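Trainee: Take this structure first; my questions come after.
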Ligand SMILES: [Zn+2]
């Protein structure tokens, strides 16, 4: 085998000779270029083409993004490699990351990074909606409240105070009644307490707990007091809110 960088014949060494440790494999090496490729076990059959440090790093990154497709059972291994062939326009023999050049690695890394970005966000979003919200309306009201407070939607907001407040207040389903009390400056508590006067006792308990999530010093409603007046759905909301806030 010749080195693809300087085209001189590569040396064939055992892993023990090259690395000083026996990995049960052999290695083709070009010492001047630092290029190498391992073999299948102790055979002479290379795992791919020789690569320098940069290319080895890129191949590792490509594997890191590609392998979870089949390792995490999102699809079978065969299906994953079929997609790889189609995406990269390669034959069965060519579709091995160990044979990729720098440009191919970069293309694959870009495609898979995009894929994982959207895929993971979708997964979290769906999971959060499923496990955390009573209904689509609860989610909608939570996001409307966050919007008035100048925050991003629930899935993206980092501030745990606003996040937990909006989540609990949204569950009360009284956005139209409380929207005047919310602004970019925060929550107008006097006005909110006044508005709350017209709410049922469980709605009041929820709002008071929401305020406490926002600022622990502002209200002193205890957990038993809140839970006492709530049905199981809203009790779950409170439990989730505690998870968000504390
Ligand atoms: Zn070389």
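In our numbering, the protein residues as written are 190 to 435. Backbone N, C-alpha and C define an ideal beta-carbon position, used for all residues, glycine too. This one's a predicted model, so the numbers in the text were calculated from it and none came from an experiment.
Going by the DSSP bridge assignment, what does residue 203 pair with across the sheet?
Mentor: DSSP, once it has assigned bridges, lists 215 as partnering residue 203.
Trainee: If we call anything under 8 Å between Cβ atoms a contact, is residue 338 one with residue 356?
Mentor: No, they are not a contact pair.
Trainee: Any heavy atom of ligand 2 closer than 7 Å to the beta-carbon of residue 197?
Mentor: Ligand 2 is absent from the structure shown, which contains only ligand 1.
Trainee: If distances are taken between C-alpha atoms only, which option among 236, 245, 244, 384 comes closest to residue 282?
Mentor: It is 236.
Trainee: On a CA-only basis, which of 305, 275, 218 is nearest residue 256? Give me that one, please.
Mentor: Measuring from the Cα of residue 256, the nearest candidate turns out to be 305.
Trainee: Of the choices 233, 218, 232, whose alpha-carbon is the least far from that of residue 226?
Mentor: Cα-wise, what sits closest to residue 226 is 218.
Trainee: Please work out which residues of its chain come closer than 7 Å, Cβ to Cβ, to residue 384, disregarding the five sequence neighbours upstream and downstream, and give them in chain order.
Mentor: Answer for residue 384: 366, 367, 370, listed in chain order.
Trainee: So what does residue 443 bridge to, in DSSP terms?
Mentor: Lying before the first or after the last residue shown, residue 443 is absent from the chain, which here runs from 190 to 435.
Trainee: Taking only beta-carbon positions, decide if residue 359 is within less than 8 Å of chain C.
Mentor: Structure shown: chain C not included; a single protein chain is present.
Trainee: For residue 242 versus residue 289, is the C-beta spacing smaller than 8 Å?
Mentor: No, Cβ-Cβ distance for residue 242 and residue 289 is not below 8 Å.
Trainee: Determine, using beta carbons only, whether residue 286 and residue 248 come nearer to each other than 8 Å.
Mentor: Cβ atoms of residue 286 and residue 248: closer than 8 Å.
Trainee: Should residue 220 go down as buried or exposed, given a rule of 16 or more other Cβ atoms within 10 Å for buried?
Mentor: Residue 220 should be labelled exposed.
Trainee: For ligand 1, is there any heavy atom lying closer than 7 Å to the beta carbon of residue 219?
Mentor: Yes, the Cβ of residue 219 comes within 7 Å of a heavy atom of ligand 1.
Trainee: Given a cut-off of 8 Å on the beta-carbon distance, is the pair residue 294 and residue 354 in contact?
Mentor: It is not a contact, given that the beta carbons lie outside the stated cut-off.
Trainee: Return yes when the C-beta of residue 224 is under 7 Å from any heavy atom of ligand 1, and no when it is not.
Mentor: Residue 224: yes, Cβ under 7 Å from ligand 1.
Trainee: Would you mind listing the alpha helix (DSSP H) stretches within the stretch 324-382 that are 4+ residues and don't spill past its ends, in chain order?
Mentor: Fully enclosed alpha helix (DSSP H) runs of 4 or longer: 325-337, 349-360, 364-367.
Trainee: Taking a contact to mean a Cβ-Cβ separation below 8 Å, would you say residue 224 touches residue 192 in this structure?
Mentor: In this structure, residue 192 lies closer than 8 Å to residue 224 by Cβ.
Trainee: Can you give me the C-alpha to C-alpha distance between residue 303 and residue 276, rounded to a whole angstrom?
Mentor: Approximately 13 Å between the Cα atoms of the pair.
Trainee: My parser needs the beta strand (DSSP E) runs of 3 or more residues fully inside the stretch 232-296; what are they?
Mentor: With a minimum length of 3 residues, no continuous beta strand (DSSP E) run stays inside the stretch 232-296.
Trainee: Is the beta carbon of residue 391 sitting closer than 8 Å to the one on residue 418?
Mentor: Yes, these two residues count as a Cβ contact at 8 Å.
Trainee: Counting only the same chain and skipping the five closest in sequence on each side, list residues whose C-beta sits under 6 Å from that of residue 244.
Mentor: 291.
Trainee: For residue 331, count neighbouring Cβ atoms within 10 angstroms of its own Cβ and tell me buried if that reaches 16, exposed if not.
Mentor: Under this definition residue 331 is a buried residue.
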